[in-house]
Amino acid sequence: SQKIEQNSEALNIQEGKTATLTCNYTNYSPAYLQWYRQDPGRGPVFLLLIRENEKEKRKERLKVTFDTTLKQSLFHITASQPADSATYLCALDSSSNTGKLIFGQGTTLQVKP
Amino acid sequence: GAVVSQHPSWVICKSGTSVKIECRSLDFQATTMFWYRQFPKQSLMLMATSNEGSKATYEQGVEKDKFLINHASLTLSTLTVTSAHPEDSSFYICSASGTLGTEETQYFGPGTRLLVL
Numbered sequence: 001s002q003k004i005e006q007n008s009e010a011l012n013i014q015e016g017k018t019a020t021l022t023c024n025y026t027n028y029s030p031a032y033l034q035w036y037r038q039d040p041g042r043g044p045v046f047l048l049l050i051r052e053n054e055k056e057k058r059k060e061r062l063k064v065t066f067d068t069t070l071k072q073s074l075f076h077i078t079a080s081q082p083a084d085s086a087t088y089l090c091a092l093d094s095s096s097n098t099g100k101l102i103f104g105q106g107t108t109l110q111v112k113p
Numbered sequence: 114g115a116v117v118s119q120h121p122s123w124v125i126c127k128s129g130t131s132v133k134i135e136c137r138s139l140d141f142q143a144t145t146m147f148w149y150r151q152f153p154k155q156s157l158m159l160m161a162t163s164n165e166g167s168k169a170t171y172e173q174g175v176e177k178d179k180f181l182i183n184h185a186s187l188t189l190s191t192l193t194v195t196s197a198h199p200e201d202s203s204f205y206i207c208s209a210s211g212t213l214g215t216e217e218t219q220y221f222g223p224g225t226r227l228l229v230l
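Protein sequence lines, in the order shown, are assigned to chains A and B. For the first sequence, our numbering gives the first residue as 1, with consecutive numbering after it. For the second sequence, our numbering gives the first residue as 114, with consecutive numbering after it.
1) Can you check the segment 50 to 113 of chain A for any beta strand (DSSP E) of at least 3 residues that lies completely inside it and give the ranges in chain order?
2) I'd like the list of long-range same chain contacts for S122 of chain B, defined as Cβ closer than 8 Å, with 5 residues on each side in sequence excluded.
3) Whose C-beta lies closer than 8 Å to the C-beta of I13 of chain A among residues of the same chain, with five residues either side of it excluded?
4) Restricting to Cα atoms, I'd like to know which of A:T65, A:I77, A:T98 is closest to N53 of chain A.
5) Could you round the C-beta distance between M146 of chain B and C207 of chain B to whole angstroms and report it? I think they count as a contact, below 8 Å.
6) Using a Cβ cut-off of 9 Å, pull out every chain B residue sitting near L89 of chain A, in sequence order please.
7) Pull up the DSSP beta-bridge partners for Y28 of chain A, would you.
8) Buried or exposed: where does D201 of chain B fall if 16 or more other Cβ atoms within 10 Å of its Cβ makes it buried?
9) Is the beta carbon of I4 of chain A less than 8 Å from the beta carbon of L92 of chain A?
10) For my contact list, S163 of chain B and G104 of chain A are in at a C-beta cut-off of 8 Å; report their separation, rounded to the angstrom.
11) Alpha carbon to alpha carbon, what distance is there between V45 of chain A and Y25 of chain A?
12) Give the DSSP-derived three-state secondary structure of E165 of chain B in the structure shown.
13) Just to confirm my understanding: we take K179 of chain B, look at its own chain, exclude 5 residues before and 5 after, and list those with CB closer than 6 Å. What are they?
14) Under a three-way DSSP split, which group does E176 of chain B fall into?
15) List the endpoints of the continuous beta strand (DSSP E) containing L189 of chain B.
16) So G136 of chain B packs on V229 of chain B, CB below 8 Å; how close in whole Å?
17) Name, going along the chain, the residues of the segment 133 to 144 of chain B whose beta-carbon falls closer than 9 Å to a beta-carbon of chain A.
18) Assuming T107 of chain A and T87 of chain A form a contact by the criterion Cβ under 8 Å, report the distance between their Cβ atoms to the nearest whole angstrom.
The structure is reproduced here in structure tokens:
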């Protein structure tokens, strides 16, 4: 069956450290994968998109990797800050040219000062 | 950045009534809008895909007669929950893609929290 999985346990780290979140998927062949941030009671906010032919993408303190062999994406936040505390969702396209996204359940990150 | 608004932000209604939620793209043309539902501590579940001027495409298990979607213009889509029941209580979020960013990027609204008593 098709699955997209993120670590459901909250990730607690100290301010200044690098946070690494994992997204694994099975029985999908996504053309791209996206990461979103969601704060409590709010809609998701787009962060990064990485395509299947890209190994890594960076945006300021954020870095995303995409390994289509392992069927895994890693999301890194370097020099983390308490303001980075939120739930992070990965999403992949379910089929070509429809734009439909399938979301993981999200991982909650807590950065402690 | 792109702004997508939803109205109302929260609504409480009695069982059996209908509720309409509006989703607007404020600074771009949304050729496609998506409606999601999110239960507490769960992921976003896609309910339907809406293209301007055509009928919405519903995901498996979503009743099209219960969740009426209208995408009458390139900036407005509405979701009407008809004859709402307590089990319909959830967080409803729309997203839009179109003439801004890449075709794969979805811009999400702030969500509408529905409580059916």
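Using N, Cα and C, we set each Cβ at its ideal position, and we do this for glycine too. Since the structure is predicted, the reported quantities are computational estimates derived from the model, not experimental observations.
If we stick to the structure as given:
1) As for any beta strand (DSSP E) of minimum length 3 sitting wholly inside the segment 50 to 113 of chain A, the runs are 56 to 59, 62 to 67, 72 to 77, 86 to 93, 101 to 103, 107 to 112, ordered along the chain.
2) Reading the second sequence from its first residue, position 9 is the one you call residue 122 of chain B. Closer than 8 Å at the Cβ level, and outside the excluded window around S122 of chain B, lie P223, G224, T225, R226.
3) Counting from one through the first sequence, the residue named residue 13 of chain A turns up at place 13. Around I13 of chain A: A19, S80, L109, Q110, V111, K112.
4) In the first sequence, the residue the question calls residue 53 of chain A occupies position 53. Cα-wise, what sits closest to N53 of chain A is A:T65.
5) Position 33 of the second sequence, counted from the start, is the residue given in the question as residue 146 of chain B. Position 94 of the second sequence, counted from the start, is the residue given in the question as residue 207 of chain B. 6 Å between Cβ atoms; contact.
6) Counting from one through the first sequence, the residue named residue 89 of chain A turns up at place 89. The answer, in chain order, is S156, L157.
7) As a first step, residue 28 of chain A is located in the first sequence; it is residue number 28 there, counting from the start. Y28 of chain A pairs with nothing; no bridge assigned.
8) Along the second sequence, one-based indexing puts residue 201 of chain B at 88. Using a 10 angstroms sphere on the CB of D201 of chain B, the tally of other CB atoms reaches 16 or more, which defines it as buried.
9) For the purposes of this step, residue 4 of chain A is taken as residue 4 along the first sequence, with counting starting at 1. For the purposes of this step, residue 92 of chain A is taken as residue 92 along the first sequence, with counting starting at 1. Yes.
10) If you number the second sequence from 1, residue 163 of chain B lands on position 50. If you number the first sequence from 1, residue 104 of chain A lands on position 104. Going by Cβ atoms, the distance from S163 of chain B to G104 of chain A rounds to 23 Å, so no, they are not a contact pair.
11) The sequence position of residue 25 of chain A within the first sequence is 25, counting from 1. The sequence position of residue 45 of chain A within the first sequence is 45, counting from 1. Between Y25 of chain A and V45 of chain A, the alpha-carbon positions lie close to 21 Å from each other.
12) Position 52 of the second sequence, counting from 1, holds the residue named residue 165 of chain B. E165 of chain B falls in the coil class under three-state DSSP.
13) For the purposes of this step, residue 179 of chain B is identified with residue 66 of the second sequence, where counting begins at 1. Once the five neighbours on either side are set aside, the close Cβ partners of K179 of chain B are T195.
14) Counting from one through the second sequence, the residue named residue 176 of chain B turns up at place 63. Look at E176 of chain B here: in three-state DSSP terms it is coil, with no helix or strand label.
15) For the purposes of this step, residue 189 of chain B is taken as the residue at position 76 of the second sequence. Judged by DSSP secondary structure, L189 of chain B falls within the beta strand (DSSP E) whose first and last residues are 189 to 194.
16) Taking the first residue of the second sequence as position 1, residue 136 of chain B is located at position 23. Taking the first residue of the second sequence as position 1, residue 229 of chain B is located at position 116. The sequence as given places Cys at residue 136 of chain B; Gly does not occur at that position. Contact flag wrong, Cβ pair sits at about 20 Å.
17) Going along the segment 133 to 144 of chain B in chain order, one finds no residue with a Cβ nearer than 9 Å to chain A.
18) Reading the first sequence from its first residue, position 107 is the one you call residue 107 of chain A. Reading the first sequence from its first residue, position 87 is the one you call residue 87 of chain A. Contact between T107 of chain A and T87 of chain A holds: CB atoms are separated by about 7 Å, below the 8 Å threshold.
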